[in-house]
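Visitor: Take this structure first; my questions come after.
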Amino acid sequence: MKISKTINTSVFSVGCLVLAGIVVSCGSAKVETAAPEPLPLVEEPKVEEVAPPPAPVEEEPSPVVEEPVVEAPAEAVEADDEYSRSVGAVAVDRDTFVDDKEKVLRIISELDVIMKNLDYSSWLPYVEPASIDYWKLRKNLQKAEKRLPVKGIKLRDLQDYFKQVFVPARKGRTVTEIRYISDSYIKAVQVQEREPGETEDHVTVYYYFNKNNGKWMVHLPTNEELN
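Counting in UniProt numbering, the sequence shown tops out at residue 227, every number present.
As structure tokens, then:
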């Protein structure tokens, strides 16, 4: 009975060891189990975002800058008008016109003083030789007598013509412009503005001038020219 009990005890011990070994082995096997290899990282392709094309920029049209219209001064416009009136169809440039007008008006200013003083001897140098020769003739003076507004006046010589014809017709008159008949023959006139309803200015001729050797001299119209 003791032997049987001892055998049973040994068998039990061996069984426990075997079981323990199995358990240990299982435990070791469990510990040594390799961890699963991680899956390789797959890099996702980079998606480049394409920016949308910029919206077209509408350029505003540049503002149009209008250059100011410079109006010519009234004096300049009037000067141009006078130049056109004075030369007409005669070929005279502007500088010549200005120079001629200045000289003629200066002569007339000097004649005004002479006429106030009835200074016959000072008047003669201003008159062209051809006019002096014509009006010295008695027959020409007699024809002029008939046109005088005051009847009965006698013109015996050129001095009478100066005092009775030349001075009364011009004394105190104002000459404002000149008119070219040719480049060496002009009229000195007074221009008065037209009245309402009229189409032309009033122009009165007071002097005629001939250019002799570059000098403007008074021309006394003949009877034939006055007819």
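Cβ atoms here follow ideal geometry from the backbone N, Cα and C, with glycine treated the same way.
Values in this document were obtained by computation on a predicted structure and should not be read as measured data.
Express the C-alpha separation of residue 212 and residue 229 in angstroms, rounding to a whole number.
Guide: The structure shown does not extend to residue 229, since the chain is modelled only from 1 through 227, so no value can be given for it.
Visitor: Identify the residues that DSSP records as bridge partners of residue 103: which are they?
Guide: Here residue 103 refers to the residue found at position 103 when the sequence shown is read from its first residue. Answer is none; residue 103 lacks a bridge partner.
Visitor: Here's the rule I'm using: 16 or more other beta-carbon atoms within 10 Å means buried, otherwise exposed. How should residue 228 be labelled?
Guide: Within the shown structure, residues of the chain are numbered from 1 to 227, placing residue 228 beyond reach of any answer.
Visitor: Can you tell me which residues form a DSSP beta bridge with residue 180?
Guide: On the sequence shown, residue 180 is found 180 positions in, with the first residue counted as 1. Note: residue 180 sits in a beta bridge opposite 186.
Visitor: For residue 136, which three-state DSSP category applies?
Guide: The sequence position of residue 136 within the sequence shown is 136, counting from 1. It is coil, neither helix nor strand.
Visitor: Are the beta-carbon atoms of residue 126 and residue 217 separated by less than 9 Å?
Guide: Along the sequence shown, one-based indexing puts residue 126 at 126. Along the sequence shown, one-based indexing puts residue 217 at 217. It is a contact, given that the beta carbons lie within the stated cut-off.
Visitor: What does the alpha-carbon distance come out to for the pair residue 152 and residue 81?
Guide: Translated into positions along the sequence shown, residue 152 becomes position 152. Translated into positions along the sequence shown, residue 81 becomes position 81. Taking the straight line joining both Cα atoms gives about 44 Å.
Visitor: Does the pairing of the segment 173-191 with the segment 81-94 give three or more beta-carbon distances under 8 Å?
Guide: yes
Visitor: Just how far apart, CA to CA, sit residue 156 and residue 101?
Guide: Translated into positions along the sequence shown, residue 156 becomes position 156. Translated into positions along the sequence shown, residue 101 becomes position 101. Distance between the alpha carbons of residue 156 and residue 101: 34 Å.
Visitor: Between the segment 176-189 and the segment 113-124, can you find at least three pairs of beta-carbon atoms closer than 8 Å?
Guide: Contact fails: fewer than three Cβ-Cβ distances are below 8 Å.
Visitor: Assuming residue 97 and residue 86 are in contact, meaning their beta carbons sit under 8 Å apart, how far apart are those beta carbons, in whole angstroms?
Guide: Translated into the one-based positions of the sequence shown, residue 97 becomes position 97. Translated into the one-based positions of the sequence shown, residue 86 becomes position 86. Yes, residue 97 and residue 86 are in contact; Cβ-Cβ is about 6 Å, under 8 Å.
Visitor: Would you say residue 170 and residue 207 are within 9 Å of each other, going by their C-beta atoms?
Guide: Within the sequence shown, residue 170 is the residue found at index 170, counting from 1. Within the sequence shown, residue 207 is the residue found at index 207, counting from 1. Taking the C-beta atoms as reference points, residue 207 is found nearer than 9 Å to residue 170.
Visitor: Using only the alpha-carbon positions, how far apart do residue 174 and residue 139 sit?
Guide: As a position in the sequence shown, residue 174 is number 174, starting the count at 1. As a position in the sequence shown, residue 139 is number 139, starting the count at 1. Cα-Cα distance, rounded: 32 Å.
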